[in-house]
C-alpha cells in the first residue's frame, strides 16, 4: 500500500464499506456526508480529483522507481468523433529512478526492475533473427501500462465510468453523480390547442390587419436550418441561415439535417470510393511492375542472342 502502510487483503473490502466518508488533510473535504461507499460516491471523488487537477506521486520501494498519476477527461469533440463511452483516463508520466542510498538495496531494486522489464517485453513475439526495436518496446509498454523511460506518457481508460450513449451530448439528469461534461435537457415545447387555433388566428388578424403585401402564405413548411437536437453554443454560428444549392440548382442536404441512416450511407460511400481508388492504384502499380519485368526479360533474351 502507499505511504508504507500495510493491511489485510481479506478484510479490506469489508472494512472500507463501513468507513464514514473520506477525509483529506488538504483544503477540500472529499466526502463530508456519512454513509457507505457506492459507485456514485467514488465517481464524485474521481470528478473532484479531475476538477482540481490533483496529481499523485507513486513510489515503489521494491523496484526503486517513481512516477506521477492524474486523471483527464475526454473533450466533447472526442466524444462525438469516436465511439468510446469512457469518461476519464488516467495518465502515467514523469518516470524517474528513486534508488535507495544503500548500495546493497539499490542493487536489489535494479535487479527487480530489470526483471519486470523482461517480463513485460517477453510478452511480444518477434520474428526469429530480428532485434527488438525501441518502437516495439514502447508499444508493448503502452499496451500493458508499464513505464520504463522518462519520456513516456501512458493513458489508461477508466472502464467503470461510462456514458450511456456514444456520439451524443450527455445530459446531467441521466447520471446520479457528477460528470465532466454535461448539458441540461432542452425545455419542453408548449402544446398548441388545435381547437382554439383558428379563433386565435382570426383574432390576431383582426388586431394586426395585414395588407396584401405583408401577408405571406406558406404552402410548405418554412426553411429551418437548425435540426431538432441539442447543439452547443460555439457551433451555432456556423449553421448557414439560408438554404444551399449546387451548380444545378439542387438543394444540398447538410450532415445536421441527415438522418442517422443517411449519414451511415454517406460515410459508407466515401469509404467505398477510397477502397475502389486504392484497388485501382494497386492494380495499376502491379500492371506497371509486370510490364517492367516482361521488358527486362525480353531485353535480356535479345542481349543473349
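Numbering (UniProt numbering), first residue to last: 1 to 305. Where is the CB? At the ideal position from N, CA and C, for every residue including glycine.
Could you pull the start and end residues of the alpha helix (DSSP H) that residue 144 belongs to? On the chain shown, residue 144 is found 144 positions in, with the first residue counted as 1. Run containing residue 144: 134-144, per the alpha helix (DSSP H) assignment.
Could you tell me which uninterrupted alpha helix (DSSP H) segments, each at least 4 residues in length, are contained entirely in the UniProt domain "DUF8211" (42-179), listed from first to last along the chain? Runs of the alpha helix (DSSP H) lying entirely within the UniProt domain "DUF8211" (42-179) and spanning at least 4 residues, in chain order: 76-81, 103-121, 134-144.
Does the segment 95-114 come close enough to the segment 50-58 that 3 or more CB-CB pairs lie under 8 angstroms? The segment 50-58 is not in contact with the segment 95-114.
If residue 58 sits next to residue 69, beta carbons under 8 angstroms apart, how far is it from one beta carbon to the other, in whole angstroms? By one-based count along the chain shown, residue 58 stands at place 58. By one-based count along the chain shown, residue 69 stands at place 69. Indeed, because the Cβ distance is near 6 angstroms, the residues count as touching under 8 angstroms.
Skipping 5 residues on each side, what residues in its chain have a beta carbon closer than 6 angstroms to that of residue 96? Translated into positions along the chain shown, residue 96 becomes position 96. If we look at residue 96 and ignore the five residues flanking it on each side, its Cβ neighbours are 66.
Alpha-carbon spacing of residue 117 relative to residue 81, whole angstroms: If you number the chain shown from 1, residue 117 lands on position 117. If you number the chain shown from 1, residue 81 lands on position 81. Roughly 35 angstroms between the two C-alpha positions.
By a C-beta neighbour count over all protein chains shown, 10 Å radius and 16 as the cutoff for buried, is residue 204 buried or exposed? Residue 204 sits at position 204 when you count from the first residue of the chain shown. With a pLDDT of 47 at residue 204, under the threshold of 50, the modelled position of that residue is not reliable, and the figure given next carries that caveat. With fewer than 16 other Cβ atoms within 10 Å, it is exposed.
Can you tell which of 159, 170, 40, 303 has its C-alpha closest to the C-alpha of residue 77? Counted from its first residue, the chain shown places residue 77 at position 77. Comparing Cα positions, the closest option is 170.
Contact belief for residue 91 with residue 153 at Cβ below 8 angstroms, rounded distance in angstroms: As a working note, residue 91 is residue 91 in the chain shown. As a working note, residue 153 is residue 153 in the chain shown. About 6 angstroms separates the two Cβ atoms, so the contact holds.
Ordered along the chain, which non-local residues of its own chain (more than five positions away) have a Cβ less than 6 angstroms from that of residue 163? What you label residue 163 is simply residue 163 of the chain shown in a count that begins at 1. These residues qualify, in order along the chain: 85, 170.
By how many angstroms is the C-alpha of residue 290 removed from the C-alpha of residue 283? Looking up residue 283 in the chain shown gives position 283. Looking up residue 290 in the chain shown gives position 290. Cα-Cα distance, rounded: 11 angstroms.
By a C-beta neighbour count over all protein chains shown, 10 Å radius and 16 as the cutoff for buried, is residue 46 buried or exposed? Residue numbering aside, residue 46 sits at position 46 when the chain shown is read from its first letter. Buried.
Would you say residue 180 and residue 73 are within 8 angstroms of each other, going by their C-beta atoms? The sequence position of residue 180 within the chain shown is 180, counting from 1. The sequence position of residue 73 within the chain shown is 73, counting from 1. Cβ atoms of residue 180 and residue 73: closer than 8 angstroms.
Can you tell me which of 63, 174, 276 puts its alpha carbon nearest to the alpha carbon of residue 107? On the chain shown, residue 107 is found 107 positions in, with the first residue counted as 1. Checked all of 63, 174, 276; the closest Cα to residue 107 is 63.
Under 7 angstroms Cβ to Cβ from residue 146, same chain only, skipping five residues before and after it: list those, please. Here residue 146 refers to the residue found at position 146 when the chain shown is read from its first residue. Result list for residue 146: 120, in chain order.
Beta-carbon proximity check, residue 158 vs residue 88, cutoff 8 angstroms: As a working mapping, residue 158 is identified with position 158 in the chain shown. As a working mapping, residue 88 is identified with position 88 in the chain shown. Residue 158 places its beta carbon less than 8 angstroms from that of residue 88.
Whole-Å CB distance - residue 123 paired with residue 140, under 8 angstroms assumed: As a first step, residue 123 must be located in the chain shown, where it is residue number 123. As a first step, residue 140 must be located in the chain shown, where it is residue number 140. Rounded, the Cβ-Cβ distance is 7 angstroms, consistent with contact.
Residue 112 versus residue 125: straight-line alpha-carbon distance, rounded: In the chain shown, the residue the question calls residue 112 occupies position 112. In the chain shown, the residue the question calls residue 125 occupies position 125. Taking the straight line from one Cα to the other gives about 22 angstroms.
Exposed or buried, residue 144, counting other C-beta atoms within 10 Å across all chains shown (16 or more means buried)? Against the chain shown, residue 144 aligns to sequence position 144. Residue 144 is exposed by the Cβ-count criterion.
For residue 299, name the three-state secondary structure that DSSP assigns. Within the chain shown, numbered from 1, the residue matching residue 299 stands at position 299. In the structure shown, residue 299 sits in a helix (DSSP, three-state: H, G or I).
Just the C-alpha distance for residue 114 and residue 142, rounded to the nearest angstrom, thanks. Here residue 114 refers to the residue found at position 114 when the chain shown is read from its first residue. Here residue 142 refers to the residue found at position 142 when the chain shown is read from its first residue. Distance between the alpha carbons of residue 114 and residue 142: 17 angstroms.
Buried or exposed for residue 161, please, with buried defined as at least 16 other CB atoms from any protein chain shown within 10 angstroms of its CB. Here residue 161 corresponds to residue number 161 of the chain shown, with the count starting at 1. Looking at its Cβ environment, which holds 16 or more other Cβ atoms inside 10 Å, residue 161 is buried.
Report all residues from its chain with a CB closer than 8 angstroms to the CB of residue 174; omit the five preceding and five following residues, and keep chain order. The residue labelled residue 174 in the question sits at position 174 within the chain shown. A distance below 8 angstroms between beta-carbons, with the five flanking residues on each side excluded, links residue 174 to the following residues of its chain, in chain order: 164.
Only counting the same chain, and skipping five residues up and downstream in sequence, which positions put a Cβ closer than 7 angstroms to that of residue 132? By 1-based counting over the chain shown, the position of residue 132 is 132. Within the same chain, residue 132 has close Cβ partners 121, 126.
Look at residue 71 and residue 99 and say whether their C-beta atoms are less than 8 angstroms apart. Indexing the chain shown from 1 puts residue 71 at position 71. Indexing the chain shown from 1 puts residue 99 at position 99. Contact: no.
Between the alpha carbons of residue 276 and residue 167, how many angstroms are there, rounded? The residue given as residue 276 occupies position 276 in the chain shown. The residue given as residue 167 occupies position 167 in the chain shown. Each residue's CA atom was taken as its position, placing residue 276 and residue 167 some 28 angstroms apart.
From this set, 285, 61, 286, 287, which residue's C-alpha is nearest residue 110's C-alpha? Numbered from its first residue, the chain shown carries residue 110 at position 110. Just measuring C-alpha positions, the residue of 285, 61, 286, 287 sitting nearest residue 110 is 61.
Through-space distance from residue 129 to residue 41, alpha-carbon basis: For this step, residue 41 is matched to residue 41 along the chain shown. For this step, residue 129 is matched to residue 129 along the chain shown. Cα to Cα, the separation comes out at about 53 angstroms.
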